[in-house]
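Structure, as structure tokens:
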Amino acid sequence: MALLTLSDIRVRYGSVEVLHGINLHVEEGEIVTILGANGAGKSTTLLSISGLVRPFAGEIMFDGTPLLRLPSHEVVGLGIAQSPEGRRVFGTMSVLENLRLGAFCIRDRARSERTLEWIFDLFPRLLERREQLAGTLSGGEQQMLAIGRALMAEPRLLLLDEPSLGLAPLLVRSIFETVRAINRRGVTVLLVEQNARAALKLATRGYVLEVGRVVMADRAENLLADASVREAYLGG
Amino acid sequence: MEQFFQQLLNGLAVGGIYALVALGYTMVYGVLKLINFAHGDLFTIGAYLGLTLLASCNLSGMLPLPVAVLAVFVMVALLAALIGFLLERAAYRPLRNAGRLSAVVSALGASIFFQNAVMLIYGARVYVYPDFLRPDFTVHVFGMAVPGVRLLVIAASVLLMLGLSAFIQRTRTGAAIRAVAIDPGAARLMGINVDRVISLVFLIGPGLGGAAGLMVGIYYGQIDFTMGWSYGLKAFTAAILGGIGNIPGAMLGGLLLGVIEALAAGYIAIAWKDAIAFLVLILILIIRPTGILGERTADKL
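Those protein sequence lines, which keep their order, are chains B and R. Going by my numbering, the residue at position 234 of the first sequence is 254; the numbering climbs one at a time, nothing skipped. Going by my numbering, the residue at position 8 of the second sequence is 18; the numbering climbs one at a time, nothing skipped.
Spelled out as structure tokens, the structure:
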């Protein structure tokens, strides 16, 4: 059974329907990517999983538990953490305070300290800057912080929304390598990206969203080779 | 020089009270971006509840006076906190997803409701706090005779503010309150129960405000059902002066406003003290619209 299953998820913002029945699933241990243009509904899909957006129809199952009627703070407790679009770090709090807030659901302090050490291993920059206010970090550092903060919740499933947005190419590569390292530690990853080529090289499978619908679902290497995907998302 | 220090201490006492009330405005604004116009009336309710508890329970007969006053202090804070909690449930939570204006109208309505409820229950006359409550000792500092009650009011408000600061800065729950104030959506992604944080803020703010009402009763000796309006307006000014939404800002703004008022009353004319307090507000808003401590760090995009 899949770790995460979305069946026929429909979302309305006001009277406008933005997701017209999304179906997707993520197996334990996979990296799955969702591709699509701006406004295709990628972020909305991730926000529905975390419970910040409420679908009016469909169901989301996580490891046998239906999520749609759960308040968002309980979703985190089940093992789903998200690094949201635009990073949304707590700017007037220090890096360390941001990371500790990520572990808000974790009662076992000693284990959190070990997770913290792991995150400082992944992102040594965060260790250097741990006392600094998050709002004063560079964009790349804020992205590291947003991912690190999500990992502090010790998730089984990590939702990443556009981690490469606005970053220099070198930094993008390092972030993607880190995502691979996180996955090797046993964290399943659902990755939303506009940087389709990098995402498909990293992922096991991919979904392509167009205006609120899944138009393609395949293994990542097949999508990389697909003519229409190449033309639309990989620059020909 | 003596007049200066006397006015300074007087200003700090009044300012401490403003600060305690201002904290309620600023904390609620922080998490809900709503001005709780009923907050001043919770302060009034604190003053009246204190009077009732002191009069009806005859605590001062059973306990030594300082212990009795302290007990009433705690009870008033708890009762005001409870009323604040119920206020949020009844008047604000149902409107959480409605427009901002609906909540503001609801806040104004709640204010009118509370003010009239107090008037109906207690009557429209001025009430006098029992005399024996007012500590009548005098402390001599550097040759000045300072009324003990003044020092006690300063000490009580400073203690409450230090306690609140420690709670907000050092505890997990305090960090959760700050996180909700910065970005409620991101806070939910951390697994923070935002509704619970909002309820907590509506316990702490009115608790402090109610305690401040009792302090005014003891300090000035008289209360009336419209006092929440004038003190509320001053405390709201103090919150804006310090930077609305900013907790240290509310403390600083309150103390500063109290001191400015007292010095204006002492050196210019007592009739001018309100005008000067609001003049300072206008100047701050022109020079630094975010308030003294508002928006200390710019968020990088």
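C-beta: ideal position from N, C-alpha, C; glycine also. In this text, all values refer to a predicted model and were calculated from it rather than measured experimentally.
Could you give the distance in angstroms between the alpha-carbon of residue i and the alpha-carbon of residue j?
i               : j               : result
Y33 of chain B  : D205 of chain R : 22 Å
R135 of chain R : F235 of chain R : 8 Å
L72 of chain B  : L244 of chain B : 32 Å
I131 of chain R : A245 of chain R : 25 Å
G304 of chain R : L273 of chain R : 25 Å
R176 of chain B : G206 of chain B : 8 Å
L199 of chain R : L172 of chain R : 30 Å
V86 of chain R  : R110 of chain R : 31 Å
S194 of chain B : L265 of chain R : 50 Å
A165 of chain R : T36 of chain R  : 22 Å
Q13 of chain R  : L22 of chain R  : 14 Å
V115 of chain B : R149 of chain B : 7 Å
N256 of chain R : G159 of chain B : 25 Å
G329 of chain R : F47 of chain R  : Residue 329 of chain R lies beyond the stretch modelled for chain R, which goes from 11 to 311, so this question has no answer here.
D83 of chain B  : G195 of chain R : 24 Å
V38 of chain B  : G61 of chain B  : 7 Å
G59 of chain B  : F177 of chain R : 42 Å
A308 of chain R : Q232 of chain R : Because the pLDDT of A308 of chain R is 42, which lies under 50, any placement of that residue in the model is unreliable, and the number read from its coordinates should be weighed accordingly. Taking the straight line from one Cα to the other gives about 45 Å.
L229 of chain B : M21 of chain B  : 23 Å
N43 of chain B  : V31 of chain B  : 13 Å
M113 of chain B : Q162 of chain B : 12 Å
L190 of chain B : L222 of chain B : 16 Å
A101 of chain R : Y139 of chain R : 31 Å
M72 of chain R  : L33 of chain R  : 34 Å
L292 of chain R : L52 of chain R  : For the record, residue 292 of chain R in the displayed sequence is Ile; it is not Leu. When rounded, the distance between both Cα atoms is 27 Å.
R107 of chain B : A166 of chain B : 6 Å
G25 of chain R  : Q17 of chain R  : 11 Å
E117 of chain B : G242 of chain R : 33 Å
M225 of chain R : L80 of chain R  : 11 Å
D246 of chain B : R217 of chain B : 12 Å
Q125 of chain R : A57 of chain R  : 12 Å
Would you grab the beta carbon distance between residue i and residue j for me? Rounded to a whole angstrom, and I think it's under 8 Å.
i               : j               : result
F95 of chain R  : A221 of chain R : Not confirmed; about 16 Å, so no contact.
K26 of chain B  : G78 of chain B  : Reading the sequence as shown, one finds Leu at residue 26 of chain B and not Lys. Going by Cβ atoms, the distance from L26 of chain B to G78 of chain B rounds to 7 Å, so yes, they are a contact pair.
V163 of chain R : Y230 of chain R : Their Cβ separation, rounded to whole angstroms, is 10 Å, which puts V163 of chain R and Y230 of chain R out of contact at 8 Å.
P145 of chain R : V159 of chain R : 5 Å
D312 of chain R : F110 of chain B : This structure does not reach residue 312 of chain R, given that chain R is present from 11 up to 311, and the question cannot be answered.
T54 of chain R  : V128 of chain R : 6 Å
E174 of chain B : I100 of chain B : Contact flag wrong, Cβ pair sits at about 11 Å.
E311 of chain B : T198 of chain B : The displayed coordinates of chain B run from 21 to 256. Any statement about residue 311 of chain B would go beyond what the structure contains.
I286 of chain R : I278 of chain R : 7 Å
T53 of chain B  : A219 of chain B : 4 Å
L169 of chain R : L30 of chain R  : Their Cβ separation, rounded to whole angstroms, is 11 Å, which puts L169 of chain R and L30 of chain R out of contact at 8 Å.
Whose C-beta lies closer than 8 Å to the C-beta of residue i among residues of the same chain, with five residues either side of it excluded?
i               : result
I139 of chain B : L119, L146, G168, L171 and M172
V36 of chain B  : none
L19 of chain R  : V156, R160, L161 and I164
L311 of chain R : Low confidence applies to L311 of chain R: its pLDDT is 36, below 50, so where it sits in the model is not reliable, and the reading given next is rough at best. Nothing listed; no residue qualifies.
By Cβ distance below 6 Å, which residues in the same chain neighbour residue i in space, the five residues on each side in sequence not counted?
i               : result
R306 of chain R : Note that R306 of chain R has pLDDT 48, beneath the 50 cutoff, so the model's placement of it is unreliable and the number below is only indicative. Excluding positions up to five away in sequence, the list is empty.
N215 of chain B : S184
L180 of chain B : S103 and L211
A260 of chain B : What the structure shows of chain B is the stretch from 21 to 256, and residue 260 of chain B is not part of that stretch, so it cannot be assessed.
H40 of chain B  : G232 and R233
V249 of chain B : L243
A91 of chain R  : L213, P216 and G217
L89 of chain R  : L59
L64 of chain R  : V82
Once you ignore the five residues that flank residue i on each side, which residues in its own chain have a CB closer than 7 Å to its CB?
i               : result
E48 of chain B  : L23 and T208
I202 of chain R : A186, A189 and V190
M11 of chain R  : none
T300 of chain R : G253
L262 of chain R : G252, I302 and L303
A201 of chain B : L142
L75 of chain R  : none
E98 of chain R  : I208, S209 and F212
Report whether the distance from the Cβ of residue i to the nearest heavy atom of the ligand PLP is below 6 Å.
i               : result
S184 of chain B : Judged by which ligands are present, the structure shown has none, so any question about the ligand PLP falls away.
Task: Within 8 Å of chain R by C-beta, residues of the region 112-128 of chain B in sequence order - done: T112, M113, E117, R120, L121, G122, F124 and C125
TODO: Anything in the region 92-113 of chain R with a Cβ closer than 8 Å to a Cβ of chain B? List those residues in chain order, please.
DONE: none
Task: Near-chain R residues of the region 84-97 of chain B - C-beta to any C-beta below 9 Å - done: P91, S92, H93, E94, V95, V96 and G97
Open item on the list: Counting only Cβ-Cβ distances shorter than 7 Å, please list the residues of the region 52-79 of chain B near chain R, keeping chain order.
Closed with: S70 and L72
- [ ] Closer than 8 Å, Cβ to Cβ, to anything on chain R: give me those residues from the region 210-221 of chain B, in chain order.
- [x] none
TODO: Identify each residue in the region 190-201 of chain R for which the Cβ-Cβ distance to at least one residue of chain B is less than 7 Å, and report them in chain order.
DONE: I192, D193, G195, A196, R198, L199, M200 and G201
Open item on the list: What are the residues in the region 170-188 of chain R lying within 9 Å of chain B by C-beta distance?
Closed with: R182, A185, A186 and R188
Open item on the list: Taking beta-carbon pairs under 9 Å, can you tell me which members of the region 203-230 of chain R lie near chain B?
Closed with: N203, V204, D205 and R206
- [ ] Would you list, in sequence order, the uninterrupted beta strand (DSSP E) runs of no fewer than 3 residues that lie entirely inside the region 165-202 of chain R?
- [x] none
Task: Residues from the region 130-144 of chain B in contact with chain R, defined by Cβ distance under 9 Å - done: none
Task: Contact set between the region 165-181 of chain B and chain R, restricted to residues whose Cβ is under 7 Å from the partner - done: A173
Task: Segments of 3+ residues assigned as beta strand (DSSP E) that fall wholly inside the region 176-204 of chain B - done: 177-181
Task: chain R contacts from the region 143-163 of chain B (Cβ-Cβ distance under 9 Å) - done: L153, A154, G155, T156, L157, S158, G159 and Q162
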